Each structure stands twice: as C-alpha cells, then as structure tokens.
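Let me begin by presenting the structure, written as structure tokens, before commenting on it.
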Amino acid sequence: SVKISALYSQMNPADPADAVAHLAPKLRPILRRAKELGAFINFDMESYAHKNATLELFHTLFTEPEFRDWPHAGIVIQAYLRDAE
33 SVKISALYSQ MNPADPADAV AHLAPKLRPI LRRAKELGAF INFDMESYAH
83 KNATLELFHT LFTEPEFRDW PHAGIVIQAY LRDAE
C-alpha cells in the first residue's frame with residue numbers, strides 16, 4: 033500500500049492536478065518495479081481530503097500504455113466514507 037501523501041506532503045485538496053504532476057513521476061518507478069515482481073499496489077486514500085487527487089492520479093497512471101493492462105492495482109477507500117459504496 034502506498035500512502036501518496038508520504039511522497040508529496042504539500043498536497044492541496046483544491047488542486048488535484050498539482051498532486052498528479054508531482055506524484056506521477058515519483059510513482060512510475062515504484063509501479064515498474066512492482067510490475068516486474070508481480071506485486072499488487074494499492075493507493076491509500078488516507079482521508080477524504082485526498083479523494084480527488086488519489087482518483088485522478090490512479091486514472092492518470094493506469095490509463096498510460098505501460099500500466100493500463102496491469103491488473104494488480106487498486107485504491108484503498110475508508111469504508112465509512114459515503115463514496116465507498
């Protein structure tokens with residue numbers, strides 16, 4: 033499980049595009065290595081404030097040709113959030 037806020041502590045909930053711009057380059061090498069090893073990667077949303085950045089980051093990375101067919105990735109969303117359903 034990857035806590036994306038650990039890779040970019042200045043995430044602004046009002047600017048998910050900024051988070052994606054900073055995080056995607058940091059995550060690509062991690063994803064490449066996980067893919068080589070056959071590991072499963074979860075992006076941990078951590079809090080509702082990070083929801084949009086997490087979803088946008090996941091969508092950005094996993095629609096890229098390198099990762100789009102890789103089935104071993106997911107998002108951890110807290111069950112108590114209304115959007116978890």
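In terms of this note's numbering, the sequence shown has 73 at position 41, counting the first letter as 1, and numbering is strictly consecutive. Here a beta-carbon is modelled for each residue, glycine too, at the ideal position from N, C-alpha and C. Because the structure is a prediction, the values reported are computed rather than measured.
By DSSP, does residue i sit in helix, in strand, or in coil?
i    : result
I107 : strand
If I follow the unbroken beta strand (DSSP E) through residue i, where does it start and stop?
i   : result
N84 : Where N84 is concerned, there is no enclosing beta strand (DSSP E), although the alpha helix (DSSP H) it sits in stretches over 83-94.
D76 : 73-76
Looking at the unbroken alpha helix (DSSP H) that takes in residue i, where does it start and where does it end?
i   : result
D50 : 48-69
S37 : 36-39
Out of the options, point me to the one whose CA is closest to residue i's CA.
i   : options             : result
E78 : P45, Q110, P97, V52 : Q110
I73 : I107, S37, A38      : I107
A81 : V34, L39, N44       : N44
T95 : A38, R60, A66       : R60
A46 : R100, N84, F90      : N84
I62 : P48, I36, Q42, H91  : I36
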